[in-house]
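Below is one structure; the comments refer to it alone.
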Amino acid sequence: MIMLYKLIVPSTLFLAVFLRFFNLNSLPPSLNWDEVSLGYNAYSILKTGKDEWGQFMPLSFRAYGEYKLPAYIYLDVPFIALFGLNEWGVRIPSAILGIITCIFIYLILKELSQGSSMAVVGFFIAATAPWLIILSRIALEANLALTFTTAAMYFFLKEKPNSILASLLLGLSVFAYNSGRVVSPLLLILSAVILWKKFKSNIPQTLISSTIFMIFFSMAIPLAFLQDSSARYKLTAILDQGAINQINELRGKNLYPPALNNIIFNRVTYFSSHALKNYISHFNPNFIFINGGSNYQFSVPGSPLMFLVLFPFLIYGIWAAFKSNDKRWQLVILWLLLTPIPAAITRDSPHALRSLMIAIPVILLTALGIDKIVSLNLKYKLLLTTGVSILVAIFLVTFLQNYGVNYPKDYSWSWQYGYKQAVDFVDQNGEEYSKVYITKKYGEPHEFLLFYKQVNPQEYINDKNLVRFPQSDWWWVDRFDKYFFLNDWEVKDKALCDTDVEKCLLVTSPGNYPKEVKLLQTINFLNGTPAFDIVDFNI
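For any residue, its number in this note's numbering is found by taking its place in the sequence shown, counting from 1, and adding 1.
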């Protein structure tokens, strides 16, 4: 049996690596605007020590005005240096982080179990879980925060906790992803409370750990309230202007006496009821085990985040954890209950990305459930494990078919597919044009141009033609160098060219151009639907 485990572990590691690295540059089908922003800012740091706004080594990257946390960008710098400013350079850190997370799940389960079978089971579940596969193949700050948090919990859950390393990792997580600023301090407090007997046996270490975390947290909090977290939260908050209008509308209907109307319909009750509803939605089996999330970039429509065959084992694992005399399993339960809180106070819940941290305690508890059920039925151990393995393999093949073949074709539009091809055309043919107009229909074209043309960051910052301005909690770029960026509805009115003295190129949505032009190329989404038309004004 020991020899078998020795074969299974490296095989599972190979599988985890394969599922995260195979065709990483083209699956998902293109870099989205967040990925090119992360990559170009890492490139800018590499070349100049400054971000694209000219700020030296910032702890918060303004980016599009939504302010990105710094950890992933700084982590990406050496990969951009090694692999270049391309899909590999941007996504490889996330794929590596995904593998490291699987390894720490294995290590946690080894600590929590008497033998290695539970750890092997959990390792296999983590390696093949669609939730972790999908989000390990995208450049995501959340993936870095997930790795930091999982590693930190490993050091807390050890028989002899290393709270210094755990606190350091949780401290780093608050600079990785905004949810870490909620989850990390709560996990630290809960770990100290539940494992207090172990913590109090080494008071100096506990004090050092608390100090380390507080240093990181005190640095992050001012930024969180003044800049990055608040800017991002404005874009995703439950209580936005639409919600306020809805509250006022309900009050205006006079369903109840005025005083009661004000008590029932107000910001506090609206926020509380929606947050509670959102929180509960993350535990809906339909979300995790059947249809996944609704965002097309972070889950595959109609595909689960975890395989349905594992659901009964999760339920049994939760029950077994509650019954366990090992308090560390109580901490895992609280970890599960804690992680949806940041996602619950935002729109579009349940959201596969914002609730990513749920995946780890779900996997741990599922592995516990499988281990306990098998131990109760040792007579049928081989039959049970073989049956579950076959079912997981069937689910995995079905998922990979959907994700690797159908998903890129059907949902390339959600990845802003086509901007790279458009920039390639501009790069190869743009020298002969004095003006190049590009539509903003699918995102922020200036960032794709900066990324794929590898524009010198210092030249971009100092460009006398650079036009960017704040509006509606966003920073808009309308021009740099000879490139003009237009809203799609403005193209016909503002893409102007004096053909007597100028030669102009237009990259626009299909058919959205004046009649007196020459169509040079149409760029299609992967399903064959036109994405861009590239036209020449000089006919």
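Built from N, CA and C at the ideal position, the CB exists for glycine as well.
- With respect to the 8 angstroms criterion, A120 and L136 are not classified as neighbours on the basis of their beta carbons.
- In its chain, beyond the 5 residues on either side, S185, I213, F214, I216, F217, F218 have a beta carbon closer than 8 angstroms to the beta carbon of G172.
- In the displayed model, Q459 falls within a helix according to three-state DSSP.
- In the DSSP annotation of this structure, the continuous segment of the beta strand (DSSP E) that includes A532 starts and ends at 531-537.
- In this structure, DSSP gives N287 a helical state, which the three-state scheme calls helix.
- Rounded to the nearest whole angstrom, the C-alpha separation of E460 and A43 is 16 angstroms.
- Linking F486 to N539 through their CA atoms gives a straight-line distance of about 20 angstroms.
- Counting C-beta atoms within 10 angstroms of its own C-beta, N179 has 16 or more neighbours from the protein chains shown and is therefore classed as buried.
- In this structure A127 touches I364 by the C-beta definition: roughly 5 angstroms separates them, less than 8 angstroms.
- In the displayed model, Y44 falls within a helix according to three-state DSSP.
- Taking the Cα positions, S300 is about 50 angstroms away from D501.
- Judged by DSSP in its simplified three-state form, F149 adopts helix.
- In its chain, beyond the 5 residues on either side, A96, G99, I100, I134, S137, R138 have a beta carbon closer than 7 angstroms to the beta carbon of R21.
- When secondary structure is reduced to three states using DSSP, P446 falls in the helix class.
- Using a 10 angstroms sphere on the CB of F125, the tally of other CB atoms reaches 16 or more, which defines it as buried.
- If one requires a minimum length of 4 residues, the alpha helix (DSSP H) runs lying completely within the region 77-164 are 88-113, 118-129, 131-137, 142-158, in chain order.
- Per the coordinates, the alpha-carbon of F149 lies some 9 angstroms from the alpha-carbon of A177.
- Sequence-distant partners of Y280 (beyond 5 residues in either direction) whose C-beta falls short of 6 angstroms from its own C-beta, in its chain, are P341, A345.
- The shortest CA-to-CA distance from N488 to any of D474, D482, L507, S117 is the one to L507.
- A direct Cα-Cα distance of roughly 31 angstroms separates W477 from L83.
- DSSP places Q402 in the uninterrupted alpha helix (DSSP H) bounded by 382-402.
- Residue nearest to A368 within the set A72, L47, L113, A64 is L113 (criterion: CA-CA distance).
- In its chain, beyond the 5 residues on either side, Y65, G66 have a beta carbon closer than 7 angstroms to the beta carbon of W475.
- Apart from sequence neighbours up to five positions away, the residues of its chain that approach T49 with a beta-carbon distance below 6 angstroms are P458, Q459, ordered along the chain.
- At a Cβ-Cβ threshold of 8 angstroms, S350 and S282 count as neighbours.
- A straight-line Cα-Cα distance of about 32 angstroms links A143 and P205.
- The distance from the Cβ of W34 to that of Q417 is about 6 angstroms, consistent with a contact at the 8 angstroms cut-off.
- Rounded to the nearest whole angstrom, the CA to CA distance from L337 to K382 is 28 angstroms.
- Under the DSSP assignment, Q522 falls in the beta strand (DSSP E) whose first and last residues are 519-525.
- Note on geometry: alpha-carbon atoms of P79 and T387 lie some 43 angstroms from one another.
- Sequence-distant partners of P94 (beyond 5 residues in either direction) whose C-beta falls short of 8 angstroms from its own C-beta, in its chain, are Y73, L76, D77, F80, A140, L145.
- With a threshold of 16 other beta carbon atoms within 10 Å, P446 meets it and is buried.
- Measuring C-alpha to C-alpha distances from Q331 to each of Q56, L385, M154, A532 identifies M154 as the nearest.
- Taking all protein chains shown into account, K441 has 16 or more neighbouring C-beta atoms within 10 Å of its C-beta and is therefore buried.
- Proximity to Q402 across I106, P131, F62, L451 peaks at P131, based on C-alpha coordinates.
- In the structure shown, L451 falls within a helical segment according to DSSP collapsed to helix, strand and coil.
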